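Taking my numbering as reference, the numbering of the sequence shown is continuous, increasing by one, and the terminal residue is 208.
By construction, the Cβ of each residue, glycine as well, lies at the ideal position given by its N, Cα and C atoms.
Every value quoted in this text rests on a predicted model; they were computed, and no experiment measured them.
Since the structure comes first, as structure tokens, the remarks are kept for the end.
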Amino acid sequence: MPVKGANTYRSEESVAYGMNQIRILLCNAVDAQLSSYGLSALQWGVLKALFDGRARTPSELYRILLSDSGAMTRQLDFLERRGFLRRVRNESDRRSVYLVLTDTGRITICETLPLIVETHDRQLRGFTHDEVTALKLFMDRMIVNLG
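What follows is the structure in structure tokens.
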């Protein structure tokens, strides 16, 4: 279903606007949950991607987290200074590094995961299982459309 014409289009009525509002509110809620750990939602996402094995290098991280390399480098510097991860030189290509979670990083993910799940569950309060499944399918289709 196409969006209204340019003369009547109101961005605040668009699906994209609503999705962005949800993203902002969710990040704010996660930031609040993680404040006692001194982490942001983005920083937690970095640690979780490493914890899950979805990424091992800075390039993989900024691809899956949709971040630019400069912003990711700043986050990695912060997380390394705080002892959550360390950079290990790639022996076969000395120009690149692997990212490795430290014990502190792994423990932090395990301690904070229930907080994140609680926040994610809160955003879906009042939805049935079928509605959540349908919502995921719609979002997957939108990702394919834009990817």
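Buried/exposed call for residue i, threshold 16 Cβ in 10 Å
i, result
"Gly166", "buried"
"Ala132", "exposed"
"Thr169", "buried"
"Gly187", "exposed"
"Thr8", "No statement about residue 8 is possible, as the shown extent of the chain runs from 62 to 208 and does not include it."
"Gly106", "buried"
"Leu86", "exposed"
"Leu185", "exposed"
Chain-order list of residues whose beta-carbon lies under 6 Å from that of residue i (same chain, five-residue window excluded)
i, result
"Met80", "none"
"Arg143", "none"
Alpha-carbon to alpha-carbon, residue j and residue i
i, j, result
"Leu196", "Gln82", "16 Å"
"Gln136", "Arg147", "12 Å"
"Arg124", "Tyr159", "15 Å"
"Arg115", "Leu126", "10 Å"
"Val149", "Gln104", "19 Å"
"Phe3", "Glu74", "Coverage of the chain is limited to positions 62 through 208, which leaves residue 3 absent and any answer about it impossible."
"Asp182", "Asn206", "27 Å"
"Arg155", "Leu198", "42 Å"
"Glu192", "Asn68", "33 Å"
"Tyr70", "Tyr98", "42 Å"
Rounded distance between the beta-carbons of residue j and residue i, thought under 8 Å
i, j, result
"Ile177", "Val91", "6 Å"
"Ser157", "Thr118", "6 Å"
Per-residue DSSP class, three states only, for residue i
i, result
"Arg142", "helix"
"Tyr123", "helix"
"Leu137", "helix"
"Leu108", "helix"
"Tyr159", "strand"
"Arg147", "strand"
"Ala116", "coil"
"Arg71", "coil"
"Leu100", "coil"
Same chain only: Cβ atoms within 7 Å of residue i, ignoring 5 sequence neighbours per side
i, result
"Cys88", "Ala102"
"Ser72", "Tyr78"
"Thr189", "none"
Contact set for residue i: own chain, Cβ-Cβ below 8 Å, skip 5 residues either direction
i, result
"Leu108", "Leu100, Leu140, Phe145, Leu146, Leu162, Gly166, Thr169, Ile170"
"Gln94", "Thr173, Leu176, Ile177, Glu179, Thr180"
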